[in-house]
Amino acid sequence: MPRPRSLTSDDLADAALADLAAAAFPLLARTAMGAAEISPEREFLAGLDIVLAGLAGTR
């Protein structure tokens, strides 16, 4: 039976990027019908919060 491989720093970076992308995706994805428009300022500030949280290591 093969041994499970250990996680590398690339694996951890990929997981962190996936978490950030999952958090940012709702801000970027807009449906064509029925969705409220997110103002550019609000979208920018929400994205900035995500980036700063990632840099601080709290996300």
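Sequential numbering of the sequence shown, starting at -15, is according to the working numbering. Using N, Cα and C, we set each Cβ at its ideal position, and we do this for glycine too. All values derive from a computational prediction rather than experimental measurement.
query = Taking C-alpha atoms, which residue in Ala8, Pro24, Ser23 lies nearest to Asp33?
reply = Position 49 of the sequence shown, counting from 1, holds the residue named residue 33. Of the candidates Ala8, Pro24, Ser23, the one whose C-alpha sits nearest the C-alpha of Asp33 is Ala8.
key: 6 Å CB neighbourhood of Ala(-1) in its chain, flanking five on each side removed   = Position 15 of the sequence shown, counted from the first residue, corresponds to residue -1. Contacts found: none.
request  = Just the C-alpha distance for Phe28 and Ser(-10), rounded to the nearest angstrom, thanks.
outcome  = Translated into the one-based positions of the sequence shown, residue 28 becomes position 44. Translated into the one-based positions of the sequence shown, residue -10 becomes position 6. Each residue's Cα considered, the two are about 37 Å apart.
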